[in-house]
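Going down the list, the sequences are from chains B, L, S and C.
Quick note on numbering: this note's numbering labels position 35 of the first sequence as 35, and the sequence is numbered without any gaps.
Quick note on numbering: this note's numbering labels position 14 of the second sequence as 14, and the sequence is numbered without any gaps.
Quick note on numbering: this note's numbering labels position 614 of the third sequence as 614, and the sequence is numbered without any gaps.
Quick note on numbering: this note's numbering labels position 81 of the fourth sequence as 81, and the sequence is numbered without any gaps.
Notes follow once the structure below has been shown.
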Amino acid sequence: MYSVKVYVTYKASILDPQGEAVKTALHRLDFTNVESVTQGKYFELMIKKTGKNIDEQVEEMCTELLTNTNMESYTYEIEELTTVEG
Amino acid sequence: MYSVKVYVTYKASILDPQGEAVKTALHRLDFTNVESVTQGKYFELMIKKTGKNIDEQVEEMCTELLTNTNMESYTYEIEELTTVEG
Amino acid sequence: MIELQPREIEAQKLYEQWGLSEAEFDKVQELLGRLPNFTETGLFAAMWSEHCAYKNSKPLLKQFPTTGKNILQGPGEGAGIIDIGDGQAVVFKAESHNHPTAVEPYQGAATGVGGIIRDIFSMGARPIAMLDSLHFGSLDDAHTKYLIDQTVAGIGDYGNCIGIPTVGGEMTFEDVYQGNPLMNGMCVGLLDSVQQQKGAAAGAGNLIFYVGAKTGRDGIQGAIFASAEFNDEQESQRSAVQVGDPFAEKMVMEACLDLIENHADILVGIQDMGAAGLVSSSAEMGAKAGFGMDLNLDLVPQREDGMIPYELMLSESQERMLLCIKKGYAAEVIDLFNQYETEAVEIGTVRDDQQYILHQHGEVVADVDVKALVDEAPVYRKPSARPARLDQPSAGFEPDASKLADTLMSVLQQPAIASKESVYRRYDSQVQTNTIVLPGSDAAVIRVRGTNKALAMTTDANPRYLFLDPHQGGQIAVAEAARNIVASGGVPLGITDCLNFGSPEDPEVYYELEQATKGMSEACRQFETPVISGNVSLYNEFNGEAIYPTPMVGMVGLIESLDYVTTQSFKNSGDLLYVVGETKADFNGTEIQKMQTGQIEGQLFDFDLATEAANQQLVQQAIRTGLVNSVHDISEGGLAVAVAESTFDNEIGAQLNVDMPASWLFSETQSRFVVSVPATHQAAFEELTGAQAIGQTGGDQLTITTNDFDMNLDVKTAKKAWKEALAWQMK
Amino acid sequence: MKYAVIRFPGSNCDWDMFYVLRDQLHVEPIFVDYRETELPEDVAAVLVPGGFSYGDYLRSGAIARFAPIMTDVKRFAGEGKPVLGICNGFQILTEARLLPGGLRKNQHLEFVCQQQELFVQNNQTAFSNQFEQGEKVMIPVAHGDGNYYCDESTLQQLKDNHQIVLTYSENPNGSIDDIAGIVNEQGNVMGMMPHPERASEDILGGTDGLRLFQSFVENQQLQK
Ligand SMILES: Nc1ncnc2c1ncn2[C@@H]1O[C@H](COP(=O)(O)OP(=O)(O)O)[C@@H](O)[C@H]1O
Ligand SMILES: [Mg+2]
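Following this line, the structure appears as structure tokens:
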């Protein structure tokens, strides 16, 4: 079993209105030392080990579904869980 | 300067329709080995160093604004950037 | 959760935590002939809660007229039904989701919308419109602004996603709602009468089907929770919040409507799982038909592991429905729901006796008489006491209108008066392409496709009036709704309501409830608008302070020809202006009183139902004979506001010359309308109504001359201020 | 010839489109389920209606683009036949790469439903030939994710090829260059955020939207 974490954000050049709104709200709460905020999506997936290469699988999930590569970019982490599989 | 990453997801007992929708879609794309998907929010913040304790600050941002503690839980990572500050 | 033994429940009085009194617990014992177990205690606590059993409000609800010649279904089912001719009927109901919205505004409001929609399609009707009624604290509080923003987002997102237009509503702002805001939703549906459904499970051996989303631990005890007061401490210990899934509901809705329309022969009954989830839906379906049932809880689709029967039965997970299907047709139902990517699972069967039996892991976990659960809840008539504040001197507050234009500008920017556009533009009000009068006029109008008819709908209540006089205030709530329907060209058909009050254990609150419902009943009789459905939300208190008595009235009217559709905005220059109805110095409880004194006090002005009905008749007739170009009812803010609002849409000004003091422009005397009439119909209109013209439309200014002070306002300037005031104050 | 209205799970402007085609344009609409793998044979145009496919919980249109029918919609578009996506339909067509760019959350983060004034930037397309060049038209919007984005070079391309068909006179969502509707390079696939089906009857407040449909319906009838 793999525990996979995927992080998706708008590409750096694209204005992120949600992040901006959060920044404004934080400033209003007196966290004026917050310089920038980006808001993105976060996925936690549990993926069963199969014959297929997990990196390739996750890569494909990201480009096919989890991100719109026109405007978003992604990173991910894959951790193999050592527990015995049921 | 700190680079802070915050991950917010629904608490375990709360229905996550978004995660369910993504899981179903992945199955349809033949990633049938995906066992579960949780969709959450992800924030990247750049925070200027001040006299205040950064852990406490981030903790407060999380409970005050970034998460809805009624139904969401959060984790975060704080990294101090070693670059010289402008 | 630990399942206590029956003796322990009794000894530790666990039932009290769940809202059952000692006497009620004794009654349960008596009905069962033994001590109830943990699960059974939970079932009774939920089913006998105020929210499910109306134990405190039932005697008062009995006052309401509920029948009439076109009423096909009164209270008691998912929603009421009224015949509108041509083999069609309109179905509507309102529901409160106050407590969930206070705790978690986005999801609380969203699931409130989801719940009321299920009530409508469970009757076999296709939902065609949503309305809301929102009451919040004053806008100077940051948390209130957050609550409003999130509540509006929740209502909008749910309706927008499922594809039901949200076409109207109302909003007030008073300090008393700060800790206990109100979110009421109303849904209207259209039905081909032949498809009318009942929530009944009859016929031994027939199948009980669970359809829709899985059950989790969300909203457990929601019904009990809605039947208790609020305070600071509880804020943190809420059971899991319910999350709305409008996509799932859309699929469940389409599947259920398909089942009802195309497979009526195999469907015995259908009901939504609302408050008290599985137990209330299943027990009510059984009791209504006089049958018991066996349910196997192992088969209930579950989102979480290890749920005990108590949790499964009381969960308020959303987007679930219960069906009773003729035996032998399981496969057909499963297939049909699969078509809509929705799970349908057989979880039980109807019994020929009246026992309601739950099984889990091969054991019987509850075995009770279904009638005991549903029909034997105690009913209380509580002590009532007239609050002292109702006997205040009528002693008059007289508004200062010496700076008339400034005063009007200020009134136009009060949040209760200001345009609600910044709210309703977040709602898709046009999907289904039937909305012919969009939000912003007196009532919203939805055409009935394929006919020359339309439906007008509105929600109304003025809690300030009820605070000063619950009896007359109750009458006015219904009258104002009717006035809005009539102004739009409709004939009022009936109402639904949400009775939002404080704790009935407080004799003064109980008095308010008694008087308000009495007033509403009288008004319903006057306008021949029976109460066909509704909802009671008591215990709306925060730290011991009750809200204003707030009976929201949702009314639907029939517009018999599209030619009668009328809006409030002036259409042409040179039309004559009239006020139908008499204006008096009525200032207690008004917007101007609140604005100039910061208080709501004194004796409420007089109100006469017969006068109201007579004036409505006149306007109705004027519309039907084609005499008018616009009609606007005069409500909060008085004549000055009503005229100003009528100028805004098309930016057509007006010149008025009224024989009264300027302050009277802000009087809120009831039973009045502002009407614009083309000069060609002057004689006919004056003959019909006996009214005298007070001015005419035209230009780009609003000019008013009175006995003492005069004013002149640029329409565009006033419009901008009125339009932007609410968004501005929300910042 | 039939006009195919694609229905995804959760589509909710499907009937609105159907009624306009049948009752206002007097052509024959037909619903095509997302699970179908082929469009019916005699289809004149494909319409992808608005609504919230699959709830749009991930990204608007992201899941719908994998529906079985989309393969044949791509084939149909590839043959140069007309495909029109409205609101969620526009989002789906960008996700399916039948149109460039994508739609982000509205800049002010709120859903917006209102009458909207648009400018016709190109009246030479199959979807706009009933308008005057530069004409002002009123067609309502109702969306939460209508904020069009594409990168610099794509934008330049859109301009050079006159692919921008409609722009907002007052931008309601933050869209780049006020873009409300575009066509593909060939001009046979159009996506737009405003809802022309809501502006196709006087009783609903106007008929500017109807002319948009008439543009390609009349085109089809000419070709017959
Ligand atoms: N919360 C709301 N949601 C949707 N529409 C609203 C809301 N509040 C007010 N409106 C709309 O704004 C207009 C004015 O509302 P209101 O002042 O309550 O009218 P009236 O006094 O005639 O009942 C109406 O068309 C109403 O439907
Ligand atoms: Mg009104």
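Yeah, the Cβ is synthetic: ideal placement off N, Cα and C, and Gly gets one too.
Please read all numbers here as calculations on a predicted model, not as lab measurements.
Counting only runs of 3+ residues, the beta strand (DSSP E) found wholly inside the region 43 to 67 of chain C occupies 43 to 48, in chain order. When the Cα atoms are used, residue 105 of chain C and residue 147 of chain C turn out to be separated by approximately 6 Å.
Interface annotation, residue 22 of chain L: in contact with chain C, CB-CB separation under 7 Å. With respect to residue 67 of chain B, residue 74 of chain B sits close: the two C-beta atoms are nearer than 7 Å. The region 121 to 172 of chain S is shown to contain whole beta strand (DSSP E) runs of 3 or more residues at 126 to 136, in chain order.
Per the Cβ contact rule, the region 38 to 46 of chain S is not in contact with the region 492 to 503 of chain S (fewer than 3 Cβ pairs under 8 Å). At the C-beta level, residue 710 of chain S and residue 484 of chain S stay beyond 7 Å of one another. Judged by beta-carbon spacing, residue 377 of chain S lies beyond the 7 Å limit of residue 728 of chain S, meaning their Cβ atoms are not closer than that value. A check of alpha carbon separations from residue 334 of chain S across S:311, S:70, S:255, S:384 identifies S:255 as the nearest. Judged by DSSP in its simplified three-state form, residue 206 of chain C adopts strand. In the structure shown, the three-state DSSP call for residue 30 of chain B is coil. For residue 697 of chain S and residue 576 of chain S, the gap between their C-alpha atoms comes out near 6 Å. Residue 148 of chain C has a beta carbon lying at 7 Å or more from every beta carbon in chain L. Pairing residue 435 of chain S with residue 441 of chain S gives a Cβ-Cβ distance that is not under 7 Å.
If only complete runs of 4 or more residues are kept, the region 20 to 84 of chain L shows the alpha helix (DSSP H) at 54 to 61, in order along the chain. Counting along the chain, residue 392 of chain S sits inside no beta strand (DSSP E), nor does DSSP assign it H or E at all. Interface criterion not met: the Cβ of residue 109 of chain C is under 7 Å from no Cβ in chain L. Excluding sequence positions up to five before and after residue 81 of chain L, its CB lies within less than 6 Å of the CB of 1, 3, all in the same chain and listed in chain order.
With 16 or more other Cβ atoms inside 10 Å of its own Cβ, residue 61 of chain B counts as buried.
Here the region 48 to 62 of chain B does not lie against the region 11 to 20 of chain L, with fewer than 3 beta-carbon pairs under 8 Å apart. Boundaries for residue 566 of chain S: no beta strand (DSSP E) harbours it, and the DSSP string shows neither H nor E there. Against chain L, a Cβ distance below 8 Å from residue 42 of chain B picks out 7, 8, 9, 39, 40, 41, 42.
Boundaries of the beta strand (DSSP E) harbouring residue 324 of chain S: 320 to 325, taken from the DSSP string. Using a CB distance cut-off of 7 Å, residue 14 of chain L counts as an interface residue toward chain S. At a cut-off of 7 Å between beta-carbon atoms, residue 71 of chain B makes contact with chain C.
Secondary structure of residue 52 of chain S (DSSP, three-state): helix. Contact between the region 14 to 34 of chain L and the region 49 to 66 of chain C is present, with at least three C-beta pairs closer than 8 Å. Non-local C-beta neighbours of residue 522 of chain S in its own chain, meaning closer than 7 Å and more than five positions away in sequence, comprise 475, 609, ordered along the chain. With respect to the 7 Å criterion, residue 292 of chain S and residue 353 of chain S are classified as neighbours on the basis of their beta carbons. In the three-state reduction of the DSSP assignment, residue 537 of chain S falls in the strand class. Chain-ordered, the chain L residues with CB closer than 9 Å to the CB of residue 303 of chain S read 13, 15.
For residue 712 of chain S, the enclosing beta strand (DSSP E) starts and ends at 710 to 714.
Between residue 661 of chain S and residue 615 of chain S, the C-beta spacing is not below 7 Å. One thing to note: residue 141 of chain C has its Cβ no nearer than 7 Å to the Cβ of residue 163 of chain C. Cβ atoms of residue 120 of chain S and residue 91 of chain S come within 8 Å of each other, at about 6 Å. Among the bridge pairs identified by DSSP, residue 555 of chain S is matched with S:458, S:495.
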